[in-house]
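Undergrad:
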Amino acid sequence: MKLRYFKKGFLFFLLSFSLALGRQALSAAHDWHLIDDGFAVKALQFNGPPYQAPFKLRILRIDLDKFSLRVMDCRAWGVDRMEIKTLAKKAQALAAINGGFFQPDYRPLGLLIVDGQETNPLRKTDWGIFMIKDQVARIIHTQEFQNNQGISQAIQVGPRLVVGGRELHLKKQLAKRSAIGITHKNQIILANSEDTQVFAQDLAHVFWLSEDGGGLACRDALCLDGGGSAQMYVEYKSLLIDLPGSWPVPNGIGVFKRQP
92 MKLRYFKKGF LFFLLSFSLA LGRQALSAAH DWHLIDDGFA VKALQFNGPP
142 YQAPFKLRIL RIDLDKFSLR VMDCRAWGVD RMEIKTLAKK AQALAAINGG
192 FFQPDYRPLG LLIVDGQETN PLRKTDWGIF MIKDQVARII HTQEFQNNQG
242 ISQAIQVGPR LVVGGRELHL KKQLAKRSAI GITHKNQIIL ANSEDTQVFA
292 QDLAHVFWLS EDGGGLACRD ALCLDGGGSA QMYVEYKSLL IDLPGSWPVP
342 NGIGVFKRQP
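Take the sequence shown: its letters are residues 92 to 351, numbered as in our numbering.
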């Protein structure tokens with residue numbers, strides 16, 4: 092008799108806990124803080140199933156009608172590497188996140204296009220490319236890249252997380268991460284896992300998941316360089332975010348206000 096009541100009570104607890112989690116995810120979906128028209132921020136924290144380990148994300152949502160994104164190459168300032176905070180200040184970016192892979196001597200690996208000029212060549216490998224052409228953002232596979240014509244910004248890195256609204260299946264690797272995505276509304280998402288490590292699969296799930304489900308509703312998403320390279324800096328109006336990495340990086344992606 093006592094065991095039966097215990098089971099009923101335990102099942103009621105599980106149901107209540109599940110509903111609470113659902114409510115938490117739903118409220119988190121609408122927890123964007125608008126810093127300016129076209130510039131929003133929020134923080135998310137994930138614990139328990141379906142995620143393999145607890146992690147946090149600090150996220151920016153950028154409207155390309157109001158703001159522009161530019162690839163920032165440290166060599167334009169005569170150095171091979173900078174912390175992303177320093178790079179953002181040098182470039183006068185409102186926000187910045189680290190970019191692509193690089194060799195031990197900080198030479199970039201993979202395609203870089205800055206303001207229409209190729210500053211590093213394409214690498215024929217199984218990565219993705221975030222690019223902006225005619226003020227429209229896209230994420231493509233390396234094999235889809237044809238030429239630089241009309242491309243204002245591009246950075247090659249990987250792996251891809253979401254492709255055409257489909258969450259990809261990824262290797263089980265735990266690391267600190269940065270990532271970029273494009274929502275179904277054509278907004279840009281920049282995310283950094285703060286002081287936590289996250290499995291690539293879990294990150295892909297968050298980028299793919301609908302906002303009502305607590306995700307970011309992206310049709311395409313791409314990992315940037317991770318581990319000690321992952322870093323983000325924002326200094327705009329009332330917002331200050333400083334998420335440093337373990338070492339400087341040779342390039343990054345900056346956010347700039349469009350001129351009227």
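For each residue, glycine too, the CB sits at the ideal point set by N, CA and C.
Predicted model only: the values in this text are computed from it and were never measured.
Compute the beta-carbon to beta-carbon distance between residue 346 and residue 160, rounded to the nearest angstrom, for a pair I have assumed lies under 8 Å.
TA: Right, the Cβ-Cβ distance comes to about 6 Å (below 8 Å), so this counts as a contact.
Undergrad: Who are the near neighbours of residue 112 in its chain, counting only those whose CB is closer than 6 Å to its CB and skipping five residues on each side?
TA: Residue confidence is low: residue 112 scores 46 on pLDDT, short of 50, so the model does not pin down where it sits. Its coordinate-derived value is still stated next. Cβ within range, chain order: n/a, list empty.
Undergrad: Do you know how far the Cα of residue 210 is from the Cα of residue 341?
TA: Cα-Cα distance, rounded: 12 Å.
Undergrad: Run the CB neighbour count on residue 114, radius 10 Å, all protein chains shown included, and call it buried at 16 or more, exposed below.
TA: Only weak support is given to the placement of residue 114: the predicted model assigns it a pLDDT of 38, under 50, and the value that follows is read from those uncertain coordinates. Exposed: under 16 other Cβ atoms inside 10 Å.
Undergrad: Enumerate in chain order the residues of its own chain whose CB-to-CB distance from residue 258 is below 7 Å, with the five nearest sequence positions on each side excluded.
TA: Counting only Cβ-Cβ distances below 7 Å, and skipping sequence neighbours, we find 295, 296, 299.
Undergrad: What is the DSSP secondary structure of residue 120, counted as helix, strand or coil?
TA: Interpretation of residue 120 is limited by its pLDDT of 47, a score under 50 that renders its predicted location unreliable; the figure taken from the coordinates is listed afterwards. In this structure, residue 120 counts as helix in the three-state DSSP scheme.
Undergrad: Whole angstroms is fine: what's the gap from residue 184's alpha carbon to residue 282's?
TA: Spanning the two alpha carbons is a distance of roughly 16 Å.
Undergrad: DSSP three-state label for residue 298, please.
TA: Residue 298 falls in the helix class under three-state DSSP.
Undergrad: Indicate the three-state DSSP secondary structure (helix, strand or coil) for residue 113 in the structure shown.
TA: Unreliable placement is indicated for residue 113, whose pLDDT of 42 sits below 50; no coordinate value is reported for it.
Undergrad: So residue 274 is in the beta strand (DSSP E); what residue range does that whole segment cover?
TA: Run containing residue 274: 269-274, per the beta strand (DSSP E) assignment.
Undergrad: Excluding the five sequence neighbours on either side, which residues of its own chain have a C-beta within less than 8 Å of the C-beta of residue 123, listed in chain order?
TA: Correct list, in chain order: 131, 132, 133, 152.
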